[in-house]
Amino acid sequence: MAIISSTLLLAILYPMFTLIAQTTAQYLYHSCFNDRGNYTTNSTYEANLNLVLSNISSNTQVENGFYPNSMGQDPDKVYAIGLCRKDIKQDDCLGCLKNASNVLPQNCSNRKEAIGWYDYCMIRFSDRSLFGIMEINPSMFMWNTGSVSDQDGYKRRLQTLFESMRSEAASGDSFKFAARTSFAPDLKTLYVLVQCTPDLSEKNCSDCLTAVYGNIPPVVGSQGGRTYAPSCNYRFETYSFFDVAYATSSSPPPFLASPPSPPPPPPVPITGKERKKKTQTVVVIVVPSVIAMILTIIICIFLSVRKPKDNFENFGMARIFELDQTEGSTNRIVGTYGYMAPEYAMLGQFSTKSDVFSFGVLILEVLSGQKITHFHDGENTEYLLSYAWKNWREETTSNLIDPTLRDSPITEMMRCIKIGLLCVQENASDRPSMTSVVPMLNGNLDPIPTPKQPASFMQGSVVSSTLVTQNISSSGTNNEASITELCPR
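FYI, the numbering for the sequence shown is -25 to -1, 1 to 464, going by mature numbering (1 follows the signal peptide of the UniProt record, and there is no 0).
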């Protein structure tokens, strides 16, 4: 999907659930709207915002899982909407709305408009009316990196299910919601859910779902994914993520296997002159040789601590480049998602900054003694980058450091954590170059820039997945799920 002035794709890694969360809804993403302006602390607008969000979190009668409310008078009037999934129990719905009401104003401090998505609910507020208006921006997309064998058949089945479920949800009265279970081409059970805010008309609900379904990038051929917009959402998985009591079963139509690819043409002999003209290609990793040597030392230390069994392609662009090439794009993504730069994992775009991201991941792995895709904080499962950022922000970085390294100088540990976070910035332009990282590590470059918040990751279980956010017509802040300059509307 091309990047244009009004469209932004943020590729972020997150661990995918294998079971429905039983107690608390999982945070997914939030967006702060810079272009709507700010309110001042202790202002009338802030008081109205606190009141309207408090009403949402304390209300015991959330009709149809939907809570529209407003508070105050212009120009300090605040509008808010809370929406829960139909299959969620009332206590879980209210718990999700309460948590979101507390967290969103903190994540988008002093912003007049913001939106936050959770696994169970969505909440948004603004200084303009939000009721009965179909909005598809900003939107985000998350996908499960598990692949399917028959991608064409799988997509056809999803398309058929989506079209019937779109009509069912759009024509709903009190709830605009539909959930189905069916069989995928490989006989896996397919779980699909769509939902609109109940204040939309039938046409607006249908149009909104069509728009978010179209947001799914064409490069994604995975077995699960979800896409969210302010007015609707769509999700499909091969595991149960909703209460099946609210679902209807669909019998699968016969599937036609994808036609086999035609045999490749016989190779054409290359003459001597043509061979000279042929572009020379080499397999390279976009890192200076001095950094490669540093990486070798780090990896040796890393192996002595944990002895991982990672594939070499997990780190960086083990790709075919033309000679002297420093950036480009590809349709064939290789490697493990946990180590890939976002722009490479989602859009196939690579540059020298792509391996900077991978290097930052490796630094944080070495310091924590844990893998990016299987990070555990006590009894909880969390993603390494979000855990590193949280401890950096709260000045509790000792929680991050591997016990075997805690006798090392704390200033050196802090320096390495700071450099690691700088390297994993969501926007490639915010990452340092490798030629800057070397003097940073040696202590020859001060002051080191302060890192911004990297990608925000969900807590989950063992199946790693990828979050891709398409954020249209909103402006970013340092508190957003990723640090990227978003385009104004």
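Note that beta-carbon positions come from the ideal geometry of N, C-alpha and C, so glycine has one too.
For Asn417, the enclosing alpha helix (DSSP H) begins and ends at Met409 to Asn417. Closest in C-alpha terms to Met46, from the list Val169, Asn30 and Leu339, comes Asn30. Its chain contains Met415 as the residues whose beta carbon lies nearer than 6 angstroms to that of Ile394, once the 5 sequence neighbours on both sides are disregarded; these appear in chain order.
DSSP places Ser206 outside both helix and strand once states are collapsed to three, so it counts as coil. With contacts defined as CB atoms closer than 9 angstroms, Ser408 and Thr327 qualify as a contacting pair. In chain order, Ile111 place their CB closer than 6 angstroms to the CB of Ala186, counting only its own chain and leaving out the 5 sequence neighbours on each side.
Looking from the CA of Phe211, the closest CA among Gln170, Gln1 and Ile385 belongs to Gln170. DSSP places Leu26 in the uninterrupted alpha helix (DSSP H) bounded by Thr19 to Ser33.
If you look at Tyr129, you'll find it in the alpha helix (DSSP H) that goes Gln126 to Ala145. Counting along the chain, the unbroken alpha helix (DSSP H) around Cys183 starts and ends at Glu177 to Gly189. Rounded to the nearest whole angstrom, the CA to CA distance from Thr156 to Pro205 is 25 angstroms. The region 171 to 180 makes no contact with the region 123 to 139, as fewer than three CB pairs between them are under 8 angstroms. In this structure, Tyr209 lies away from Ala154, with their beta-carbon atoms at least 9 angstroms apart. Only exposed fits Arg103, as fewer than 16 other CB atoms lie within 10 angstroms of its CB. Cβ-Cβ distances below 7 angstroms link Leu105 to Tyr54, Ile56 and Arg99 in the same chain, with the five nearest sequence neighbours on each side left out; the list follows chain order. Linking Met388 to Asp218 through their CA atoms gives a straight-line distance of about 46 angstroms. A distance below 9 angstroms separates the beta carbons of Gly335 and Cys398. Within the same chain, and ignoring the five residues on either side of Glu21 in sequence, the residues whose Cβ sits closer than 7 angstroms to its Cβ are Tyr14. Contiguous beta strand (DSSP E) elements confined to the region 53 to 83 occur at 53 to 59, taking only those with 3 or more residues. Under the criterion of beta carbons closer than 8 angstroms, Ser76 and Lys87 do not qualify as touching, at roughly 16 angstroms. For the options Asp51, Leu165 and Ser142, the alpha carbon positioned closest to that of Arg131 is the one of Leu165. Membership of Arg99 in the beta strand (DSSP E) is indicated by the continuous run Cys96 to Ser101. In this model, Ser142 and Gln134 are separated by some 13 angstroms (Cα to Cα). When the Cα atoms are used, Thr372 and Trp92 turn out to be separated by approximately 28 angstroms.
Lys427 is a Cβ neighbour of Gln400, given a cutoff of 9 angstroms.
In the three-state reduction of the DSSP assignment, Thr327 falls in the helix class, which pools H, G and I.
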